[in-house]
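First the structure, in the form of structure tokens, and then the observations on it.
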Amino acid sequence: MKILALETSGEAGSVALQYCGEVQSVPLESGPAQSASAIERIDSLLAAAGCRLEDLDGIAFSAGPGAFTGLRLGCGIAQGLAMGAGIGVMPIGTLDALAAQIQEGEVIAAMDARMGELYWAHFRCSKGIPFPLGEPECVSPSNWQPVLGSVCSGIGSAFKAHRGALNPGIFTGLVSIFDDRTPRANEIARLAADRRYAAAAIDPALAAPLYVRDKVARTTVERLAQGGKA
Amino acid sequence: MKVLGIESSCDETGVAVYDTDAGLLAHRVHSQIDLHAAYGGVVPELASRDHIRRLPLLVRETLSDAALRTTQLDAVAYTAGPGLAGALLVGASFAEALAFALGLPALPIHHLEGHLLSPLLSAEPPAFPFVALLVSGGHTQLMRVSGVGAYALLGETVDDAAGEAFDKTAKLLGLDYPGGPALAALADAGNAKRFGLPRPMLHSGDLNFSFSGLKTAVLTVTRSPGFASDAKADLAASFQAAVVDVLVTKSVAALKQTGLRQLVVAGGVGANRNLRRSLDAAVRRRGGRVFYPEPELCTDNGAMIAFAGAMRLSAGAQGQRSGRVEVRPRWPLGEVTPP
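Note that the protein sequences, when read in sequence, are chains L and E. Residue numbering for the first sequence follows this note's numbering, beginning at 979 and increasing consecutively. Residue numbering for the second sequence follows this note's numbering, beginning at 42 and increasing consecutively.
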């Protein structure tokens, strides 16, 4: 499979190309410049591999959860490239890509969601392919009580960002914690290309970010009910 | 040349194809008014979420209306600012990526340039130079337009935009969002002479506007003892008359100051019938003429962006092929330059 992949869900973005059995990746500029550099970096990756967009089997992107604007950047670029090249897009869960950095066993992937919350999901990994054991959720760290298997690892920024607020049992229950890891385009590309993960290429017009945090504003009725102004 | 235009700066997703030989081939707009109504105003995050869901589908439908394939396009123009950062970024990322994939130049367009040039899309367009009154929920400006990218600011609002004043006043009167058009409809049944509201900055000697005091004056009236709710239509009519009075007086002064006879009106408030009637009469008295965009192009749309892109390409602009996705939520029109 030939896959181009974008990871723009957080501060450390990257793009990767799975081509001829190898994955090549490059980081994006950090911060707001991430959006400015993404297509340039994709251009260099494709040129170095002698690959055209039309040759690809699909364009994978980190679908979320993550920073809303970053998710839309990746989704929008994937949609635009795919529509122009006449190919499909492959939305890959951001927590799936994070969990895919662990080879074997149960994995709790958890990222800081800002606003005092975290995103998490539970997986069983086999040869670096994560199989979900539940849906991703956005929760308050103090209310988070994941059920941990006997051999379970933790990965992601939430373990560091919310260290003080998390139930101490989480830290004793995990066999290892990789709290400095962030999602990478490498795993997005690898998962999109792996038959065992069974990612499907879909019509770019049907692709959308997976925000998980869906309540982002209060309606007038809700504001009034809570003593606010119309 | 066939230019795809994409607009996503606020709460309308607009897509169009303009052909420099055949004119406007197709255009579609998806309005988010219903989405934001429950919130009493535009929620930027929800606007961005809706744009990304709608945009690719709208592009496909618009191309289908125009009986075109993506490979038949010559350029992709998109609104790069000013507007809501997240909303702009949706259009910019999709447009730059599409242009890159098709090997086409991308043209980042100033949203107000789109509005300014949109009357040129009508059956009887004005010719350069002209004075433009740009009047919407986000802007109230008078400009001297001498060509594509040659815009000199003559005056602008120092506080609220005229459309914003309409919406806020409508809210004071208890009208549903978006209140501007509802207020104008209510005003039709009212007596504009009942309440003597101020005409802010009418005699300021310059071409600037101010509308926030007018809104406060309305608030004072509604709070006065004895104000009955059946007087709302009269208050709406009195408010509208004050806004129209100021817009007409300043527009005529701008024509006088520049020595020009053509006035172009663009932006959502330009659809207000009372404003049109008064402007037409006042400008005709001076031997001039007022030009409006087609009614469906008064609000935000992709046609004006496709058209501005086509005008720029025709005037020698190369567009960009870097694929850089950069938006300018704050972008003074004065910084726009000719191609």
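Positions of the beta carbon are idealized from the N, C-alpha and C atoms, including for glycine. Predicted model, so just to flag it, every value in this text is computed and none were measured.
**Request:** Identify which residue in L:K1105, L:E1018 and L:L1073 has its Cα closest to the Cα of A1099 (chain L).
**Result:** Reading the first sequence from its first residue, position 121 is the one you call residue 1099 (chain L). It is L:L1073.
**Asked** What does a CB cutoff of less than 6 Å around A358 (chain E) pick up in its chain, not counting 5 residues either side in sequence?
**Response** Taking the first residue of the second sequence as position 1, residue 358 (chain E) is located at position 317. Within the same chain, A358 (chain E) has close Cβ partners P380.
**Beta-bridge partners of E415 (chain E), as assigned by DSSP** = Here chain E comprises residues numbered 42 to 380, so residue 415 (chain E) is not present and cannot be evaluated.
**Item:** Anticipated Cβ contact below 8 Å, S50 (chain E) with H156 (chain E), distance rounded
**Value:** Residue mapping note: residue 50 (chain E) aligns to position 9 of the second sequence, counting from 1. Residue mapping note: residue 156 (chain E) aligns to position 115 of the second sequence, counting from 1. Contact between S50 (chain E) and H156 (chain E) does not hold, since the beta-carbon distance rounds to 11 Å and is not under 8 Å.
**Request:** Select from the segment 362-377 of chain E all residues with a C-beta closer than 7 Å to any C-beta belonging to chain L, and list them in chain order.
**Result:** S363, G364, R365, V366 and E367
**Prompt:** How would you list, in chain order, the residues of chain E whose beta-carbon sits under 9 Å from the beta-carbon of V1194 (chain L)?
**Reply:** Counting from 1 along the first sequence, the entry for residue 1194 (chain L) is found at position 216. Simply V84, E86, L87 and R90.
**Message:** For the structure I just gave you, are there three or more beta carbon pairs, one from the segment 1013-1033 of chain L and one from the segment 1071-1087 of chain L, closer than 8 Å?
**Reply:** no
**Prompt:** Looking at the structure shown, is D286 (chain E) part of a helix, part of a strand, or coil, going by DSSP?
**Reply:** Residue numbering aside, residue 286 (chain E) sits at position 245 when the second sequence is read from its first letter. It is helical.
**Message:** If I measure Cβ to Cβ from R1102 (chain L) and keep anything under 7 Å in the same chain, skipping five residues before and after, which residues do I get?
**Reply:** Start at 1 with the first residue of the first sequence, and residue 1102 (chain L) comes out as number 124. Excluding positions up to five away in sequence, the list reads E1084, F1109 and L1111.
**Message:** Short of 7 Å in beta carbon distance, which residues of its chain neighbour G254 (chain E), apart from the five on each side in sequence? Order them along the chain.
**Reply:** Locating residue 254 (chain E) in the second sequence gives position 213, counting from the first residue. Cβ neighbours of G254 (chain E) beyond the five flanking positions: P239 and P241.
**Alpha-carbon to alpha-carbon, A78 (chain E) and D91 (chain E)** = For this step, residue 91 (chain E) is matched to residue 50 along the second sequence. For this step, residue 78 (chain E) is matched to residue 37 along the second sequence. Each residue's alpha carbon lies about 14 Å from the other.
**Request:** Reducing DSSP to helix, strand and coil, say where P149 (chain E) ends up.
**Result:** Translated into positions along the second sequence, residue 149 (chain E) becomes position 108. When DSSP states are grouped into helix, strand and coil, P149 (chain E) belongs to the strand group.
**Request:** Quick one: using the 10 Å Cβ neighbour count with 16 as the cut-off for buried, is E1200 (chain L) buried or exposed?
**Result:** Within the first sequence, residue 1200 (chain L) is the residue found at index 222, counting from 1. So E1200 (chain L) ends up on the exposed side.
**Prompt:** Counting Cβ pairs, one atom from each stretch, are 3 or more of them under 8 Å apart for the segment 130-139 of chain E and the segment 1045-1057 of chain L?
**Reply:** Between the segment 130-139 of chain E and the segment 1045-1057 of chain L there are three or more C-beta pairs closer than 8 Å, enough to call the two in contact.
**Prompt:** Going by Cα to Cα distance, which pick from E:A206, E:V117, E:G364 and E:P97 is closest to F250 (chain E)?
**Reply:** Counting from 1 along the second sequence, the entry for residue 250 (chain E) is found at position 209. Answer by Cα proximity: E:A206.
**Item:** CA nearest to the CA of A269 (chain E), picked from E:E48, E:L96, E:R325 and E:L214
**Value:** In the second sequence, residue 269 (chain E) corresponds to position 228, counting from 1. Checked all of E:E48, E:L96, E:R325 and E:L214; the closest Cα to A269 (chain E) is E:L214.
**Item:** N-terminal and C-terminal residue of the beta strand (DSSP E) that D1090 (chain L) is part of
**Value:** On the first sequence, residue 1090 (chain L) is found 112 positions in, with the first residue counted as 1. Note, D1090 (chain L): beta strand (DSSP E), G1083 to D1090.
**Asked** Under the rule that 16 or more other beta-carbon atoms within 10 Å means buried, what is N1121 (chain L), buried or exposed?
**Response** For this step, residue 1121 (chain L) is matched to residue 143 along the first sequence. With fewer than 16 other Cβ atoms within 10 Å, it is exposed.
**Message:** Cβ closer than 7 Å: which chain L residues qualify as neighbours of R69 (chain E)?
**Reply:** Start at 1 with the first residue of the second sequence, and residue 69 (chain E) comes out as number 28. Neighbours of R69 (chain E) on chain L: none; closest Cβ ~13 Å, over 7 Å.
**Asked** If you count every other CB in all the chains shown that lies within 10 Å of the CB of H68 (chain E), and 16 or more means buried, which is it?
**Response** If you number the second sequence from 1, residue 68 (chain E) lands on position 27. So H68 (chain E) counts as buried.
**Prompt:** Straight-line CA distance for L243 (chain E) to G196 (chain E)?
**Reply:** As a working mapping, residue 243 (chain E) is identified with position 202 in the second sequence. As a working mapping, residue 196 (chain E) is identified with position 155 in the second sequence. If you take the alpha carbons of L243 (chain E) and G196 (chain E), they lie about 13 Å apart.
**Item:** Burial state of M42 (chain E), where buried means 16 or more other Cβ atoms lie within 10 Å
**Value:** In the second sequence, the residue the question calls residue 42 (chain E) occupies position 1. Exposed, by the Cβ-count rule.
**Test item: CB-CB of S72 (chain E) and A128 (chain E) under 8 Å** = Within the second sequence, the letter at position 31 stands for residue 72 (chain E). Within the second sequence, the letter at position 87 stands for residue 128 (chain E). Not closer than 8 Å, so no.
**Request:** Note down, one range per segment and in chain order, each alpha helix (DSSP H) of at least 4 residues found wholly within the segment 278-339 of chain E.
**Result:** 314-326
**Prompt:** Checking contacts by CB at 8 Å: is A269 (chain E) closer than that to chain L?
**Reply:** In the second sequence, counting from the first residue as 1, residue 269 (chain E) sits at position 228. Not closer than 8 Å to any Cβ of chain L, the Cβ of A269 (chain E) fails to qualify, so no.
**Item:** Cβ-based contacts, 8 Å cut-off: residues of the segment 1010-1027 of chain L near chain E
**Value:** If you check each beta-carbon in the segment 1010-1027 of chain L against every beta-carbon of chain E, the ones closer than 8 Å belong to S1013, A1014, S1015, A1016, I1017, E1018, I1020 and D1021.
**Message:** Output needed for L66 (chain E): all residues of its chain with C-beta closer than 6 Å, excluding positions within five of it in sequence on either side, in chain order.
**Reply:** Working through the second sequence from its first residue, we reach residue 66 (chain E) at position 25. Within the same chain, L66 (chain E) has close Cβ partners V58, D60 and A107.
**Request:** Identify whether E1113 (chain L) lies in helix, strand or coil by the three-state DSSP scheme.
**Result:** Taking the first residue of the first sequence as 1, we reach residue 1113 (chain L) at position 135. Reduced to three states, the DSSP call for E1113 (chain L) is coil.
**Asked** How is L1059 (chain L) classed by DSSP in three states: helix, strand or coil?
**Response** As a position in the first sequence, residue 1059 (chain L) is number 81, starting the count at 1. In the structure shown, the three-state DSSP call for L1059 (chain L) is helix.
**Asked** Is the shortest distance between the beta-carbon of L982 (chain L) and the beta-carbons of chain E less than 8 Å?
**Response** Locating residue 982 (chain L) in the first sequence gives position 4, counting from the first residue. By this cut-off, L982 (chain L) is not an interface position.
**Asked** Where do the N-terminal and C-terminal ends of the beta strand (DSSP E) with M352 (chain E) fall, by residue?
**Response** Position 311 of the second sequence, counted from the start, is the residue given in the question as residue 352 (chain E). Taken as a continuous stretch (DSSP letters only), M352 (chain E) belongs to no beta strand (DSSP E), being part of the alpha helix (DSSP H) at A344 to S355.
**Candidates L:I1017, L:P1043, L:A1038 and L:A1011: closest to Y1189 (chain L) by CA position** = The residue you call residue 1189 (chain L) lines up with position 211 of the first sequence. Of the listed residues, the one whose Cα sits closest to Y1189 (chain L) is L:P1043.
**Message:** So, with DSSP's three-state summary, where would you put T1047 (chain L)?
**Reply:** Mapped onto the first sequence, residue 1047 (chain L) falls at position 69. It is helical.
**Request:** Determine whether the Cβ of Y14 (chain E) lies closer than 8 Å to any Cβ atom of chain L.
**Result:** With chain E covering only 42 through 380, there is no way to say anything about residue 14 (chain E).
**Asked** Given Q361 (chain E), which residues of its chain have a CB within under 8 Å of its CB, disregarding the five upstream and five downstream residues?
**Response** As a working note, residue 361 (chain E) is residue 320 in the second sequence. Cβ neighbours of Q361 (chain E) beyond the five flanking positions: P146, A147, L148 and P149.
**First through last residue of the beta strand (DSSP E) which encompasses R1102 (chain L)** = Numbered from 1 along the first sequence, position 124 holds the residue referred to as residue 1102 (chain L). Taken as a continuous stretch (DSSP letters only), the beta strand (DSSP E) holding R1102 (chain L) covers L1096 to S1104.
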